[in-house]
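Counting from 1, position 416 in the sequence shown corresponds to residue 436 in the working numbering; the numbering is continuous, with no gaps.
Working notes for the structure below.
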Amino acid sequence: MVLHRTNLTEDRHSTGDYVQLLQALLGSLEKIHADQNLEQARAVLDAIALLLDQMVYLQVKEIDRVGIEAPLKTALNRFVDQKKYPELAWPIQYIQQALARLPNDERFSEALVRRLLPILGGLSYLTAFGVKIASAEAFLSGFEPDKLWEAYQCFKDVFEIGNPRCASWYGELRFIDVLIGLGRLDLVGTLLEKDWEKREAPFLQGVCDRLERIACVQQDPSARDSALRLLKGFEADTWTQDVQRYARQTRHRLALIWPTPDIEAMARLDEAPAAWHPFWQSNPSNPILKAVQEKSRRHAYINQLQALTLHATMARHQPLVQLGDSVDRLKTAYLTTLKEIDTIKNALAHYIAPEGLESAHATERFTLMDKVEAFLQSDKKVLLLLGEAGSGKSTFGRYLARQLWKTIPPSTQEERPVPLFIALADCPPSGGDLVEHYLLDQKFKPETIDQLREQKQFILILDGFDEIKDRTQAFYTRNRLDRWNAQVIISSRPEYLEEGYRSQFQERGEFNTLQEYWLAPVSDDWVTRYIKMYCAQHPVADWDVDRYEAALNALPTLKEMIRRPFLLRMALEVLPILNTERQKTPLTRIALYDQFISLWWERSLERLQHIELNVEEEKALRKLKPHFSAKGLRTSQEMAIALTKAKTINAIYETENGQIQPEAWRPYLENPTEGARLLLFNTPLIRQNNHYRFLHKSIQDYLVARAICGPQFTHFDPHTRIEAVLNQLSLVDEALILDFLVERVKQHLAFEEHLHAWIEASKNPNAPVTVGAANAITILVRAGIQFNEMDLRGIRIPGADLSFGMFDSAQLQGADLRKVTLRASWLRQANLSGAQMAGVQFGEWAYLEEESAVRSCAYSSDGKNCAIGLQRGVIHVYDTLSWAKIRTLTGHASEVMSVVYSPSGEQIASGSKDKTVRLWDMQTGEPGPILAGHTGL
């Protein structure tokens, strides 16, 4: 047998011998690639894998890794095209893992015995590929099967320590090799039965190889039969296509070449047999393999283990100790973030426990933290935390994570769930394992992540579902949250949830694992406590708690508006500046943002004047200074528009490859001018590593709205400005931007007229203004503007949201209303003739009003017809396209309790209280046979 692992029993080979042998195999592989002989390529790759395995197990010293790795990778790269060489993908993957295991300071045999001896009852030696024991019989009799899994975990640890590049499945396969080498095939079966449906495809393909080896070399017929049964199991539909195909190929080889093939049988195979197959013992087809075989017979390997007894008393490796260190890293990183980012630090410094509601319309309040703690003690898997923009969802999530971390002592092995706060905008879901992706970003090794997944419980706090692009998929399963032993808390603004959203946050087939709470608007008592805390931390001359409260009470509109922590904080900053006593108009939300942003840029200019700048920065500041706030606002608006177009809240600058998303941010991030850099550094942004975002999503939304209509507005002809922001991006799903613009409509009559002009401009079929027109009519309807009896003929507003709009007697002939939402709209006597209405959403389906009670109904198999059985014994049949009645079937003397279509749709069977079943011909409507004689329903 070529390089059979259990034949290598003496340690007399030098490093040079191994390298020489490997170089010979690589030379052969290069020639094979030139000849495109895939059968021989598979055989040589198997031989290389076996050779590297031996170098790993015997820990050959003084290896020139570069000298081995570079040519080996070059050779393998010729075969990595999986479409061209699918049968070689697995052996190449295995070789790469074996190569990753070569460097290690501690001999594998020493590390293995040191960790296994405490489990295996204090045996002195272990026989596993060159590792001796006092007697094989002693080992086999002394091993306790119930400790198999513990021994297996320790064995994996030996492979993973100090080798982050090595996949976990490689260590798993090597442990199976140990058991095969010891002859413990019963334990192999036991090991494979445990959770193998969760294993990776490379591991399962490796298992196929080992089962093939057992079937080829074992003399015991029962062992061979067991191997074949397992192989057959891998062909089931429950496995991936790669595993199924690999198992079929393996079984196909065994069926064709049992027990030893001839050359003709070889020619019929899709790929060559593995290197351990008896074929290679009797008739090697390759001269290099023959040389390998001869050389392996000249030399036997033995591993000297004189120091094993010294290692036997060493403490066994404890994975939880390392995991405790990993948990400490997560804790330190999270708590550091809370201190480094000013907006987060300030929000937590002003934290007051919020209240919650069971639903949006509930009136009974409760302390939210109490309910969340009850959820964490329950069997529920997911808590959906809903609240409007600025209601404190993110702050509550960060506070909760901080409190949970405080309950976990440093380097603990105590089994307490690990809290992870993940801002979804910073770690956008991509359809893979969301938590794994986050931990990789935190520089965790894949092996450590696997251990955390297997051995730890988690509380995942996923903040900002409303801030990700794809909100329509099955969020829970698509992001593999089901792979983690975790309870999940997800926050979102409610307006971003689709109808039927609850199923998105549960595993398929589960209906009762989701809990939902809403953040309640803050109470008067909460506001008072917040103001007291604010005054203590941010004293302002002549402004105390009483004066703040008096100012808020004097402006009822403002007081109701600021029942969200973010807006309340903004109002407290702005109120001392505003002369509220002389203000003639009510202070609105958008006026508050206007003042906040203006104040921001004024303070930024003051701050720059007290900072030591270099010569170029001083020159840029002098140039910017006369219009610093205006240019800063324009810069902020451009950035906000770019983010909203990209449907994200983060700009990302990958310095290594120069990629910037969105591209419109490039002038500010890549080699910016001194002026651009000053504007960037003073924009109300948060920076975390290479991510930039506004202080709050509402700031981004406000800036987009301001770019459309600012505090002062001048009308322009839409035909002359088709590049206007209103015509650049759809605002239908941007609830807060729409709300800001609704306030502008109420501020500026000119802006209302301007929006009507966009709708009018869309009547020109050649004018590219449909996006602007759809946005304009959406804003006006949301502002309560009525369109009764208006001439809207030919308007083009695809995708607009006209929910609750008033369009009685409106002239909409020939209008483009595709995908328009008309939920609860008033359309009495509206003329819609010739209008394009594909995809229109009315928010409810059409209904039929029958002449008597409906007792039964059924659709035809093609969905084109619907039959309805009535109380008075009649069946009505409708065309589902127009819902016109096409048949009336009479004959029953009592109520029609059931109707059903035949599979072909050509007949209907109906059952009635008259104790008959009737058949009907749907082509003619004529009655067919009557089945009588029934004595009950």
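Note that beta-carbon positions come from the ideal geometry of N, C-alpha and C, so glycine has one too.
Residue i and residue j closer than 9 Å at C-beta
| i | j | result |
| --- | --- | --- |
| serine 924 | serine 872 | no |
| glutamine 535 | leucine 404 | yes |
| tryptophan 546 | glutamate 743 | no |
| aspartate 828 | asparagine 808 | yes |
| proline 439 | leucine 420 | yes |
| threonine 693 | alanine 650 | no |
| glycine 863 | isoleucine 669 | no |
| glutamate 530 | lysine 401 | yes |
| leucine 539 | lysine 717 | no |
| threonine 497 | glutamate 527 | yes |
| isoleucine 779 | alanine 793 | yes |
| tyrosine 537 | leucine 592 | no |
| leucine 501 | leucine 454 | yes |
| arginine 589 | asparagine 366 | yes |
| alanine 855 | glutamine 833 | yes |
N- and C-terminal bounds of the beta strand (DSSP E) containing residue i
| i | result |
| --- | --- |
| arginine 875 | 874–879 |
| cysteine 555 | No beta strand (DSSP E) holds cysteine 555; the alpha helix (DSSP H) holding it covers 544–557. |
| tryptophan 940 | 937–941 |
| asparagine 885 | 885–890 |
| leucine 406 | 402–406 |
| proline 439 | 438–443 |
| glutamate 674 | 671–674 |
| glutamate 536 | 534–539 |
| isoleucine 906 | 904–909 |
| arginine 713 | 711–714 |
| glutamate 375 | 375–377 |
Delimiting residues of the alpha helix (DSSP H) encompassing residue i
| i | result |
| --- | --- |
| histidine 776 | 769–781 |
| threonine 363 | 362–369 |
| methionine 389 | 388–396 |
| proline 585 | 585–594 |
| serine 718 | 717–728 |
| leucine 698 | 694–702 |
| arginine 686 | 686–689 |
| tryptophan 425 | 413–426 |
| aspartate 461 | 454–461 |
| isoleucine 973 | The structure shown does not extend to residue 973, since the chain is modelled only from 21 through 957, so no value can be given for it. |
| leucine 641 | 635–644 |
| serine 649 | 648–665 |
| isoleucine 742 | Unbroken run through isoleucine 742: none, as it is neither H nor E. |
| alanine 506 | First-last for alanine 506: 506–512, but that is the beta strand (DSSP E), not the alpha helix (DSSP H). |
| phenylalanine 495 | 495–498 |
| isoleucine 680 | Element bounds for isoleucine 680: not the alpha helix (DSSP H) but the beta strand (DSSP E), 679–681. |
Exposure of residue i, with buried meaning 16 or more beta-carbon neighbours within 10 Å
| i | result |
| --- | --- |
| histidine 912 | buried |
| tryptophan 903 | exposed |
| threonine 910 | exposed |
| glycine 825 | buried |
| serine 129 | Low per-residue confidence applies at serine 129: pLDDT is 45, beneath 50, and the placement is therefore not dependable, though the value from the model is reported in the following sentence. So serine 129 counts as buried. |
| arginine 513 | buried |
| leucine 920 | First, the residue type needs correcting, since residue 920 is valine and not leucine in the sequence shown. The residue is exposed, with fewer than 16 neighbouring Cβ atoms inside 10 Å. |
| asparagine 532 | exposed |
| isoleucine 488 | buried |
| glycine 883 | exposed |
| aspartate 66 | buried |
| serine 543 | exposed |
| tyrosine 722 | buried |
| glycine 678 | exposed |
Cβ distance (whole Å) where residue i is taken to contact residue j below 8 Å
| i | j | result |
| --- | --- | --- |
| valine 791 | serine 750 | 6 Å |
| leucine 746 | isoleucine 728 | 5 Å |
| tryptophan 13 | proline 947 | With the chain covering only 21 through 957, there is no way to say anything about residue 13. |
Can we say the stretch 779–792 touches the stretch 809–818, given the rule of at least three CB pairs closer than 8 Å? yes
The stretch 380–393 contacting the stretch 547–562, beta-carbon criterion three pairs below 8 Å: no
Specify whether the stretch 646–659 and the stretch 584–600 touch according to this definition: at least 3 beta carbon pairs, one from each stretch, less than 8 Å apart. no
Taking one C-beta from the stretch 223–231 and one from the stretch 247–256 each time, how about it: are there three or more such pairs within less than 8 Å? yes
Determine, using beta-carbon pairs with one atom in the stretch 664–683 and one in the stretch 614–621, whether at least three such pairs fall under 8 Å. no
Counting Cβ pairs closer than 8 Å, one from the stretch 725–739 and one from the stretch 682–692, do we hit at least three? no
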